[in-house]
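These protein sequence lines map, in sequence, to chains A and B. If you count by this note's numbering, then the first sequence holds residues 61 to 195, one letter each, in order. If you count by this note's numbering, then the second sequence holds residues 29 to 430, one letter each, in order. Just so you know, even glycine gets a beta-carbon here, dropped at the ideal spot from N, CA and C. All figures in this text were calculated on a predicted structure; none of them were measured in a lab. Presented below is the structure to which this report refers.
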Amino acid sequence: MVDKKIVLHFPKRLVDRPIVSHLIKDHDLEFNILKASVTQDEEGLMVLELKGKQEEYDKGIAYLKEAGVIIESLSQNVIRNEERCTHCGACITICPVGVFELDTTTRQIKFQEKKCIACGICIKTCPPRAMELHF
Amino acid sequence: MAKTIEEINQKIKKGEAVVFTAEEIIGVVKEKGLKEAAAEVDVVTTGTFGPMCSSGAYFNIGHSKPRIKLGGGRSYLNDVPAYTGLAAVDLFLGATATPDDDPRNKIHPGEFNYGGGHVIEELVAGKDVRLEATAYGTDCYPRKKLETWINIKDLNEAVLFNVRNAYQNYNVAVNLSNKTIYTYMGVLKPNLGNATYCSAGQLSPLLNDPYYKTIGIATKIFLGGGVGYVAWQGTQFNPTVARSENGVPKGGAGTLAVIGDLKQMSPRFLVGTSMLGYGPTLTVGIGVPIPILSEEILKYTTVTDDQIIGTVIDYSDAYPNRRNEPVGEVTYAQLKSGKITLQGKKVPTASLSSYPRAVEIANTLKDWIKTGKFELTQPVAYLPGPETGLTFKPLNERPIER
Ligand code: SF4
Ligand code: SF4
Chain A
61 MVDKKIVLHF
71 PKRLVDRPIV
81 SHLIKDHDLE
91 FNILKASVTQ
101 DEEGLMVLEL
111 KGKQEEYDKG
121 IAYLKEAGVI
131 IESLSQNVIR
141 NEERCTHCGA
151 CITICPVGVF
161 ELDTTTRQIK
171 FQEKKCIACG
181 ICIKTCPPRA
191 MELHF
Chain B
29 MAKTIEEINQ
39 KIKKGEAVVF
49 TAEEIIGVVK
59 EKGLKEAAAE
69 VDVVTTGTFG
79 PMCSSGAYFN
89 IGHSKPRIKL
99 GGGRSYLNDV
109 PAYTGLAAVD
119 LFLGATATPD
129 DDPRNKIHPG
139 EFNYGGGHVI
149 EELVAGKDVR
159 LEATAYGTDC
169 YPRKKLETWI
179 NIKDLNEAVL
189 FNVRNAYQNY
199 NVAVNLSNKT
209 IYTYMGVLKP
219 NLGNATYCSA
229 GQLSPLLNDP
239 YYKTIGIATK
249 IFLGGGVGYV
259 AWQGTQFNPT
269 VARSENGVPK
279 GGAGTLAVIG
289 DLKQMSPRFL
299 VGTSMLGYGP
309 TLTVGIGVPI
319 PILSEEILKY
329 TTVTDDQIIG
339 TVIDYSDAYP
349 NRRNEPVGEV
359 TYAQLKSGKI
369 TLQGKKVPTA
379 SLSSYPRAVE
389 IANTLKDWIK
399 TGKFELTQPV
409 AYLPGPETGL
419 TFKPLNERPI
429 ER
């Protein structure tokens, strides 16, 4: 079983093609789109979490490569230092993908690590510097 | 039935005091009614935990052999400059002090990863701190240079002394411009992209005693995990701001100057903090007990977030240019829901102060009082209320002719 986050770069000519839907249809993989956007040069960028058997995962990656998608793995991880986090909530409106969620009863801030795309924006905006980059 | 602080202290000593937090008391009064609750309840505890820039600490480091007079020279703690304009070996370190070689905002926004607030946190945590000093030398204090490790346990005095903490209400910050700005109210996204606030609302000390009927000079408080006292009204004290019908100010009003033994405090409640593009500071935990001396005083402590109004200010233009042009008013209940509506737009909100830790402070203080560890004090003088007409004056510049 593998569970990996990858960054996909779609060259301009591939942006309109249903590559990800084929990937999912033809392979036994669970997926989660963490971020999808089109850059200024009209290239597609997608951060994807893929989960499934190693064999299926490898086949899926091979399919993407063949289709012309450039793949990078998310080698860096952003984690929260639980000792330093004060649960202030300053990060909530800063994270571009909504990783931080307010629990309205305890008023604690949930860090939903699985959604994180390791963009690093929260690292310098967290006032007590509780968010850390790990390689 | 009116009580006195003396009577409450008798009950505290016997371990019989009835204490609730400012959050719990809301339900208690709803259930029992004001009259019955005022007879039963002795103390309501409050709490707040947020970045407070006008914080600092002074130290007496002891005399070296041969002696050195730090006063008038330069002293650094872990490269952060300390104020030396005092006697031979007294130093004051402010929370926003920044190392001389910090790039500051040269590359905007500056990171400000380390400053006075961080040194205070490290000292409190018991870590060794590097002191480097130069002096001009005198006949009685001949030494000109000193480099040594210091530790809080070896200092004669280490005292937290904050000239302005625990703001009674505060601005809600937004950005109406079209570019991101970096402020002491955090990162504000363009075009009303977010709104930030910094108050514990219904748990905040001065919002539970809006007319300063019980909190005064010499009030004993929870400060940074230890015990402290209200030393004076805080700077920028402004009791005459607009208030709602319930007496709660709609913007920054009262403040507290507080003092306490740093040696008893804990890094959980004094946290070195960095505001991107703004500077380093210290996040301070404060809890103030409110003695329930009358029904009126109890009533003030039942204030709820939907009765506390915050004024929304644009930090891209109105605030820096000191123009009094509020964007709107919102309640803390709206702020805490995660979204407010401004100019027809839904704006996500974020807090800079930690409500969970404010609750922890109010609960800790409650436990201290219930178990007889913390008795209340009678203020020796009260803070200036709205009847004094005191206002917070701006600086009107007068050109210096040359
Ligand atoms: S900004 Fe930092 S300290 Fe505050 S809740 Fe987020 S991670 Fe925790
Ligand atoms: S690195 Fe921080 S800001 Fe970026 S996605 Fe992860 S949690 Fe959000």
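- For the stretch 380-402 of chain B, residues whose beta-carbon sits nearer than 7 Å to a beta-carbon of chain A comprise L380, S381, S382, Y383, P384 and R385.
- Counting C-beta atoms within 10 angstroms of its own C-beta, A/L193 has fewer than 16 neighbours from the protein chains shown and is therefore classed as exposed.
- Pairing B/W396 with A/A178, the inter-Cα distance amounts to about 42 Å.
- Ranked by Cα distance from B/S302, the options B/L105, B/I40 and B/A123 are led by B/A123.
- At a C-beta separation below 7 Å, A/K184 has these neighbours in chain B: E139 and L304.
- The stretch 67-79 of chain B makes no contact with the stretch 103-119 of chain B; the number of CB pairs closer than 8 Å stays below 3.
- Setting aside the 5 residues that flank it on each side, A/T185 is surrounded in the same chain by I154, each with a C-beta closer than 6 Å to its C-beta; the list follows chain order.
- Apart from sequence neighbours up to five positions away, the residues of its chain that approach B/K39 with a beta-carbon distance below 7 Å are A45 and D70, ordered along the chain.
- B/Q261 is bridged by DSSP to B/L284.
- Neighbours of A/P71 in chain B, taken as residues at a C-beta separation under 9 Å, are lacking, since the least C-beta distance is about 30 Å.
- With fewer than 16 other Cβ atoms from the protein chains shown falling within 10 Å of its own Cβ, B/N349 counts as exposed.
- Taking 8 Å as the upper bound for CB-CB distance, B/I36 and B/L404 are in contact here, some 6 Å apart.
- The Cβ-Cβ distance between B/I96 and B/R171 falls below 8 Å.
- In terms of beta-carbon proximity, B/K217 lines the interface with chain A, with at least one pair separated by less than 8 Å.
- Close CB contacts of B/P94 within its chain, under the 6 Å cut and outside five residues either way in sequence, are with P170 and R171 (chain order).
- Here A/M191 is buried: its Cβ has 16 or more other Cβ atoms, across all protein chains shown, within 10 Å.
- Considered as a whole, the stretch 368-393 of chain B harbours no complete run of any alpha helix (DSSP H) with no fewer than 4 residues.
- In this chain, the alpha helix (DSSP H) harbouring A/S81 covers I79 to D86.
- Rounded to the nearest whole angstrom, the CA to CA distance from B/Y195 to B/I314 is 11 Å.
- Relative to the Cα of A/R73, the nearest Cα in the group A/L134, A/N137, A/L105 and A/E132 belongs to A/L105.
- Contact between B/F120 and B/G84 holds: CB atoms are separated by about 6 Å, below the 8 Å threshold.
- DSSP places B/L363 within a helical segment (H, G or I) once states are collapsed to three.
- With a cut-off of 7 Å, the C-beta of A/C176 is classified as near ligand 2, since at least one heavy atom of the ligand falls inside that distance.
- Unbroken beta strand (DSSP E) runs of no fewer than 3 residues, entirely contained in the stretch 81-106 of chain B, are found at 84-88 and 102-105, following chain order.
- Relative to B/P414, the option among B/N266, B/Q292, B/G300 and B/G101 whose CA is nearest is B/N266.
- Relative to ligand 2, the beta carbon of A/C145 is positioned no closer than 7 Å to any heavy atom.
- The nearest non-hydrogen atom of ligand 1 is less than 7 Å from the C-beta of A/M191.
- Listed along the chain, the chain B residues whose CB falls inside 7 Å of the CB of A/I154 are V215.
- Contact note: A/L193 does not reach chain B at a C-beta cutoff of 7 Å; the least C-beta distance is about 13 Å.
- A Cβ-Cβ contact shorter than 8 Å links B/G282 with B/L411.
- Taking C-beta atoms as the reference points, B/E175 and B/E185 fail to come closer than 8 Å.
- Within 7 Å of the C-beta of A/C179 there is not a single heavy atom belonging to ligand 1.
- Looking at the DSSP output, B/P319 bridges to B/V71.
- Annotation: A/K175 to A/V159 spans about 6 Å, alpha carbon to alpha carbon.
- Measuring C-alpha to C-alpha distances from B/R132 to each of B/D289, B/K207 and B/G305 identifies B/G305 as the nearest.
- Interface criterion not met: the Cβ of B/G288 is under 8 Å from no Cβ in chain A.
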